[in-house]
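Residue numbers (the numbering used here), protein chains in the order written: chain A, 11 to 294; chain B, 3 to 275.
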Amino acid sequence: MHDSPLFVFLGSNWYYKIMNANMIKTIIPPEELPSPAQQMTKAQINENYAAGPPYLATARDFFQIATKWRQLAVPVQKQFPDNILAEMFAYSWAAVHLNLPHQLAHSFMISSVHEQGFHLMDRAPETIHNNDNQEQPPFPAKRMCRGIPTSSKPHILHYCQRYSIGKYIFGKHRLPVTFVGHGEETCQSPLLREAPENLATLYDFTIDPDTHLRKNLTGGGGVFTKQEHINRMAFLFCEQAAALNRAALYYKQQHCQEGEYNTAKTMIFHDSLEVTEQERTNYE
Amino acid sequence: MVTINKKERRPPLAWSTKLNLCALLVNVAFFTVTYAVYQRTTFASPSAQTPNNSDCPPQQQQPQQHYASISSRESNNNNNNNNVVVDSDDFSHFHIIFSTGCSPKQHWQSYLLFHSIVESGQTGHATRIASGCNHQQAEDIQAVFAKEIQPMAPDRFHLHLTPEFGIIQEKTATQKAIYFHYLNKPYGVAHWMEHALGYNLRTTPTVPEHDNTIVVLLDPDMVFLRPFVNDFSGREIWTTRTSYPIRTNIRHGFPMANEYAYGTSSDRKEEDV
């Protein structure tokens with residue numbers, strides 16, 4: 011599955027597993043106990059320490075966090091041996107122990123359609139801390155591909171998910187490593203096929219490139235609508251493809267022989283972008 | 003036409019000129035050393051690079067002072083307490099960092115991230131922290147960096163190589179190796195701060211020339227859509243926060259991050275892509 015609403019779950023389990031079992035003595039050196047972590051309320055933990063990248067701090071603070079993070083990384087990893095988020099738990103534990111509450115944002119980073127950072131572009135302005143007093147309606151579907159102004163975008167796109175709408179698809183593991191930064195191979199590589207600006211008005215489903223089965227794009231159980239899901243997916247695909255193409259083109263202009271590099275935007279991850287009748291009707 | 007007689011002795015320099023030259027030499031020496039430390043990209047063994055054994059698997063370290071309560075920090079930053087050392091108020095400089103290994107996929111990801119930093123207008127420096135490269139990989143990555151990355155933003159983009167930190171148990175006759183490559187992130191960041199910026203937990207926990215810089219730690223598979231400016235009073239979506247007031251800038255004692263709490267039932271970080 012590639013778009014289930016599970017990506018950024020951190021919550022406070024990382025905290026309570028260790029606190030409830032009194033494992034804190036296994037991760038915090040005895041001379042540093044009692045830890046401020048032992049005085050935290052659930053609200054304080056959830057509101058200030060369910061943190062992930064991007065992390066921002068002054069260098070002086072970051073050094074304190076980094077050294078404590080390093081100290082806790084292995085002990086916490088041992089408490090969560092099969093959890094790939096363990097290093098993030100260790101970061102949060104370090105911040106809690108140092109009593110460094112983080113101001114947490116939804117709009118610093120987006121990675122999937124389920125994240126609240128998208129409210130910058132698909133919700134009424136009253137949901138957004140907007141001190142410029144400018145009214146801004148949600149952006150229409152036909153503008154989601156290339157029409158979102160920078161001021162309404164989150165700061166960072168974390169492309170750790172598959173972004174697919176219709177047969178337009180991007181997945182980081184599918185991209186040839188020679189796409190950018192690999193000399194002559196990059197010079198000869200085509201660029202990614204970019205989607206039309208009104209991509210979010212063309213499809214309400216995606217076709218899996220391996221199984222050729224259809225999967226509908228749907229709303230998030232009242233959290234966001236079906237059209238918002240489609241709009242967000244179009245935005246993610248278009249932003250990522252365009253960013254990659256601009257970087258690859260820049261590389262070609264700097265490092266390939268003039269006139270000898272490939273600028274055709276033809277790379278796709280299906281045989282064709284045309285949706286066949288069989289693909290349209292065979293559901294996952 | 004002016005000709006120069008090579009045998010002609012130069013007239014003695016005036017004292018003011020000598021003093022100026024001395025000051026210039028001191029300045030050049032200072033910046034050369036600073037720049038060399040800052041630009042350090044050499045690869046050495048962990049022991050050779052470890053000033054206080056801090057890169058070894060975690061051992062008991064000097065107790066770190068817990069930060070004061072948030073209310074007292076607030077008053078410190080507002081300069082209401084005359085007993086507190088007042089920090090410089092310039093918190094506008096950024097340093098973007100990200101931790102990688104040496105695999106080819108992380109080369110294109112790094113290129114993309116560096117390019118997006120330039121393209122987005124993000125100010126400040128940026129450093130790729132690459133851990134665990136073997137000798138050949140280290141040579142290759144340094145060559146590629148010098149040729150393809152650094153020219154994008156000369157003097158702003160940097161490469162910092164570290165040893166491999168992900169092995170917490172070597173393979174033995176009776177035990178399997180235990181390896182978590184994610185450990186390279188905390189260890190790599192601390193290594194960079196110690197070796198490139200000059201921090202040291204025991205001797206130099208503060209480095210005035212860097213203390214106020216805003217360090218932004220990203221993952222390598224991230225791209226900039228909108229630059230960070232240390233004034234977040236514009237369009238942002240904050241999480242609900244009742245325990246403390248919402249802040250719109252970063253200062254000492256007031257870090258920020260993205261919330262990782264939106265989801266339902268799994269700790270999975272990355273879906274099949």
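For every residue, glycine included, the Cβ atom is placed at its ideal position computed from N, Cα and C.
Keep in mind the model is a prediction, meaning the values are calculated, not measured.
Check whether residue i and residue j have beta carbons under 7 Å apart
i: M6 (chain A); j: I94 (chain A); result: What is shown of chain A runs 11 to 294, which leaves residue 6 (chain A) out entirely.
i: G191 (chain A); j: W110 (chain B); result: yes
i: H112 (chain A); j: P247 (chain B); result: no
i: A96 (chain A); j: C155 (chain A); result: no
i: R184 (chain A); j: F90 (chain A); result: no
i: H254 (chain B); j: T77 (chain A); result: no
i: F167 (chain B); j: N186 (chain B); result: yes
i: P164 (chain A); j: L220 (chain B); result: no
i: L66 (chain A); j: I216 (chain B); result: yes
i: M224 (chain B); j: I166 (chain A); result: yes
i: G190 (chain B); j: S133 (chain B); result: yes
i: A31 (chain A); j: I75 (chain A); result: no
i: F226 (chain B); j: S122 (chain B); result: yes
i: T208 (chain B); j: R203 (chain A); result: no
i: T196 (chain A); j: Y293 (chain A); result: no
i: I99 (chain B); j: T125 (chain B); result: no
i: R102 (chain A); j: N56 (chain A); result: Per the sequence shown, residue 102 (chain A) should be read as Ser rather than Arg. For S102 (chain A) and N56 (chain A), no; Cβs fall outside 7 Å.
From the options, residue whose alpha carbon lies closest to that of residue i
i: R80 (chain A); options: B:E196, B:G123 and B:E238; result: B:E196
i: Y271 (chain A); options: A:K27, A:L259, A:D281 and A:I278; result: A:L259
i: K152 (chain A); options: A:K52, A:A244 and A:G229; result: A:A244
i: V123 (chain A); options: A:M50, A:F234 and A:S45; result: A:F234
i: H97 (chain B); options: B:Y181, B:K149, B:T242 and B:P229; result: B:P229
i: S94 (chain B); options: B:M224, B:L227, B:E211 and B:D221; result: B:E211
i: H168 (chain A); options: B:K178, B:L163, B:Y184 and B:S118; result: B:S118
i: S162 (chain A); options: A:E294, A:E287 and A:F118; result: A:F118
i: N260 (chain B); options: A:L110, A:Q49, A:I120 and A:F99; result: A:I120
i: T228 (chain A); options: A:T221, A:D220 and A:A210; result: A:A210
i: A115 (chain A); options: A:P46, A:A104 and A:A60; result: A:A60
i: Y213 (chain A); options: A:I175, A:K182, A:T188 and A:T196; result: A:I175
i: L223 (chain A); options: A:Q288, A:Q74, A:A31 and A:I55; result: A:Q288
i: F128 (chain A); options: A:N241, A:C248, A:L110 and A:K275; result: A:N241
i: M33 (chain A); options: A:E41, A:Q74 and A:V86; result: A:V86
i: F99 (chain A); options: A:Q267, A:G62 and A:R256; result: A:G62
i: A253 (chain A); options: A:A53, A:E42, A:F189 and A:K88; result: A:F189
i: N136 (chain B); options: B:V120, B:T164, B:K173 and B:K149; result: B:T164
i: Q152 (chain B); options: B:K178, B:D92, B:I180 and B:L115; result: B:L115
Any chain A beta carbon closer than 7 Å to residue i
i: K187 (chain B); result: yes
i: F230 (chain B); result: yes
i: D91 (chain B); result: no
i: Y181 (chain B); result: no
i: T174 (chain B); result: no
i: R249 (chain B); result: yes
i: R243 (chain B); result: yes
i: P156 (chain B); result: no
i: I252 (chain B); result: yes
i: L203 (chain B); result: yes
Neighbour flag for residue i against chain B, beta carbons, 7 Å
i: W103 (chain A); result: no
i: N141 (chain A); result: Note that N141 (chain A) scores 46 on pLDDT, short of 50, meaning its location in the model is unreliable and no value can be drawn from it.
i: P159 (chain A); result: no
i: I278 (chain A); result: no
i: T235 (chain A); result: no
i: T68 (chain A); result: yes
i: T36 (chain A); result: no
i: S199 (chain A); result: no
i: I55 (chain A); result: no
i: Y169 (chain A); result: yes
i: Q48 (chain A); result: no
i: P64 (chain A); result: yes
i: K225 (chain A); result: no
i: A244 (chain A); result: no
i: F215 (chain A); result: no
Residue interval of the beta strand (DSSP E) (run including residue i)
i: H160 (chain B); result: F159 to T164
i: M277 (chain A); result: K275 to M277
i: R130 (chain B); result: H127 to S133
i: F99 (chain A); result: That residue, F99 (chain A), is in no beta strand (DSSP E); its alpha helix (DSSP H) goes A96 to H107.
i: T188 (chain A); result: Segment: none, T188 (chain A) is in no beta strand (DSSP E) and carries neither H nor E.
Alpha helix (DSSP H) segment containing residue i, residue limits
i: Q138 (chain B); result: H137 to V146
i: V1 (chain B); result: Nothing can be reported for residue 1 (chain B): it is not among the residues displayed for chain B, which extend from 3 to 275.
i: H109 (chain B); result: P106 to S122
Contact test: residue i Cβ vs the ligand SAH heavy atom, cutoff 6 Å
i: T291 (chain A); result: Among the components modelled here there is no ligand, and therefore nothing to report on the ligand SAH.
Chain-ordered neighbours of residue i on chain D, where CB pairs are closer than 7 Å
i: H129 (chain A); result: Included in the structure are the protein chains A and B, with no chain D among them.
**OP:** Please list the segments of the beta strand (DSSP E) lying wholly inside the region 11-69 of chain A, counting only runs of 3 or more residues, in order along the chain.
**Re:** 61-68
Subject >> Whole runs of the beta strand (DSSP E) within the region 201-260 of chain A, excluding any shorter than 3 residues >> reply: 215-217 and 224-226
Original post:
Which full runs of the beta strand (DSSP E) of 3+ residues lie inside the region 192-260 of chain B, going along the chain?
Top reply: 216-220 and 224-226
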